[in-house]
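I have placed the structure first, in the form of structure tokens, so that the comments after it can refer back to it.
Numbering (this note's numbering), first residue to last: 639 to 974.
Pasting the structure below:
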């Protein structure tokens with residue numbers, strides 16, 4: 639990482655650069671065997687009282703004492719990945735939201751408060767795609783009360799790592815006592831190569847409605863209340879994939895869900911029974927759904943995967959999915 643001009647380290651950022659992407663180097667310690675430095679790249683989200691806050695794409699802000707700063711400069715936004723389709727953060731965030739719609743919602747300026755009786759964080763969290771129309775403290779108080787009225791914990795979904803994402807909001811939430819609980823990647827890929835995979839799709843059955851068998855394999859709820867069916871059935875063009883189990887098995891061997899929305903096909907709920915793994919069933923489900931989406935005019939795919947799910951990450955790596963941005967769910971650190 640180059641900070642020098644003519645061999646000299648230079649600090650070329652000021653508080654006026656808040657909101658810009660920066661690269662900074664700070665001194666960790668001095669003394670033998672020599673000084674130790676650390677480099678941080680991210681959005682400069684604040685510079686107050688001698689402390690800088692930089693939010694990298696991980697979403698967790700880094701606080702840096704101004705006195706430890708030895709070099710710094712503004713840097714261009716991260717170049718877009720060339721693998722797969724191009725997409726802005728705003729476009730993709732709205733596509734993702736339309737594929738997983740809440741049972742109940744209420745606007746707060748450009749924020750959308752969403753509730754679905756607790757079924758998944760995505761359907762029970764605030765989607766902040768702009769200004770709430772009131773000061774942040776007032777917005778957070780409204781969020782707390784709205785979810786308390788419904789017996790739900792307050793969550794706010796934010797994003798980092800893409801042009802136009804929400805590093806500054808992440809930092810502001812942290813300063814307000816909110817803490818990140820969950821992080822996942824939003825990945826995108828060209829759709830045609832997935833549909834062209836030589837997968838055995840003859841056993842994959844596609845349907846428009848979720849049924850009891852499909853729900854028996856889905857592992858994201860305690861009991862399938864009406865909110866579960868409502869969220870799963872939401873979206874512009876929804877398809878459910880099922881691979882029947884062996885004779886005598888009531889639950890399917892594998893399932894999946896796809897929502898086609900214009901040029902986009904979103905893949906969700908791809909699950910394989912433990913006894914049927916490593917047989918190519920997840921690939922078969924993805925391929926069958928991709929072919930259906932292509933028939934409807936889609937050309938790009940997206941999905942969400944948690945950072946700790948190494949098996950799913952490896953599968954999607956092989957299909958050409960690349961990380962577009964990361965999203966995080968923030969929750970107050972104290973009582974809601």
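Positions of the beta carbon are idealized from the N, C-alpha and C atoms, including for glycine.
Opening and closing residue of the beta strand (DSSP E) in which residue i lies
| i | result |
| --- | --- |
| residue 661 | 659 to 667 |
| residue 942 | 938 to 944 |
| residue 649 | No beta strand (DSSP E) contains residue 649, which DSSP labels as neither H nor E. |
| residue 825 | 816 to 828 |
| residue 752 | 749 to 753 |
| residue 807 | Unbroken run through residue 807 is the alpha helix (DSSP H), 805 to 813; no beta strand (DSSP E). |
| residue 681 | 674 to 686 |
| residue 888 | Here residue 888 belongs to no beta strand (DSSP E), and DSSP marks it neither H nor E. |
| residue 766 | 764 to 766 |
| residue 701 | 700 to 703 |
| residue 709 | 707 to 712 |
| residue 879 | 875 to 881 |
| residue 843 | 843 to 845 |
| residue 835 | Premise fails: residue 835 is in no beta strand (DSSP E) and is neither H nor E. |
| residue 758 | Careful: residue 758 lies outside any beta strand (DSSP E) and carries neither H nor E. |
| residue 691 | 689 to 693 |
Exposed unless 16 or more other CB atoms sit within 10 angstroms - verdict on residue i
| i | result |
| --- | --- |
| residue 801 | exposed |
| residue 684 | buried |
| residue 884 | exposed |
| residue 720 | With a pLDDT of 42 at residue 720, under the threshold of 50, the modelled position of that residue is not reliable, and the figure given next carries that caveat. Exposed. |
| residue 783 | exposed |
| residue 796 | buried |
| residue 929 | buried |
| residue 890 | buried |
| residue 666 | exposed |
| residue 861 | exposed |
| residue 763 | buried |
| residue 798 | buried |
| residue 648 | exposed |
| residue 639 | A caution first: residue 639 carries a pLDDT of 45, below 50, which makes its placement in the model unreliable, though a value can still be read off. Residue 639 comes out exposed. |
| residue 873 | buried |
| residue 744 | exposed |
| residue 652 | exposed |
| residue 971 | exposed |
| residue 949 | exposed |
| residue 833 | buried |
Start and end residues, alpha helix (DSSP H) containing residue i
| i | result |
| --- | --- |
| residue 956 | 948 to 956 |
| residue 790 | Looking at the DSSP string, residue 790 is not in any alpha helix (DSSP H), and its letter there is neither H nor E. |
| residue 867 | 864 to 870 |
| residue 738 | That residue, residue 738, is in no alpha helix (DSSP H); it is neither H nor E in DSSP. |
| residue 854 | 850 to 855 |
| residue 960 | Unbroken run through residue 960 is the beta strand (DSSP E), 960 to 970; no alpha helix (DSSP H). |
Rounded Cβ spacing between residue i and residue j (contact assumed at less than 8 Å)
| i | j | result |
| --- | --- | --- |
| residue 781 | residue 751 | 7 Å |
| residue 940 | residue 894 | Residue 940 to residue 894, Cβ: 14 Å. No contact. |
| residue 824 | residue 954 | No, residue 824 and residue 954 are not in contact; Cβ-Cβ is about 11 Å, not under 8 Å. |
| residue 692 | residue 680 | 4 Å |
| residue 826 | residue 959 | 7 Å |
| residue 851 | residue 888 | 7 Å |
| residue 741 | residue 710 | With a Cβ gap of about 47 Å, residue 741 and residue 710 do not count as contacting. |
| residue 829 | residue 952 | At roughly 20 Å, the Cβ-Cβ gap does not stay under 8 Å, so residue 829 and residue 952 are not in contact. |
| residue 892 | residue 911 | 7 Å |
| residue 840 | residue 934 | Not really, about 21 Å apart at Cβ, beyond 8 Å. |
| residue 746 | residue 777 | 6 Å |
| residue 712 | residue 658 | 5 Å |
| residue 737 | residue 962 | With a Cβ gap of about 15 Å, residue 737 and residue 962 do not count as contacting. |
| residue 765 | residue 735 | 6 Å |
Cβ-Cβ distance between residue i and residue j below 7 Å
| i | j | result |
| --- | --- | --- |
| residue 650 | residue 967 | no |
| residue 822 | residue 739 | no |
| residue 931 | residue 896 | yes |
| residue 969 | residue 785 | no |
| residue 925 | residue 809 | no |
| residue 664 | residue 706 | yes |
| residue 909 | residue 855 | yes |
| residue 749 | residue 773 | no |
| residue 923 | residue 754 | no |
| residue 938 | residue 901 | yes |
| residue 708 | residue 682 | no |
| residue 877 | residue 853 | no |
| residue 927 | residue 879 | yes |
| residue 899 | residue 660 | no |
| residue 815 | residue 790 | no |
| residue 842 | residue 881 | yes |
Within-7 Å CB hit, residue i to chain C
| i | result |
| --- | --- |
| residue 750 | In the structure shown, chain C cannot be found, because there is only a single protein chain. |
task = Counting only runs of 3+ residues fully inside the segment 896 to 927, write out the beta strand (DSSP E) ranges in chain order.
result = Correct list: 902 to 910.
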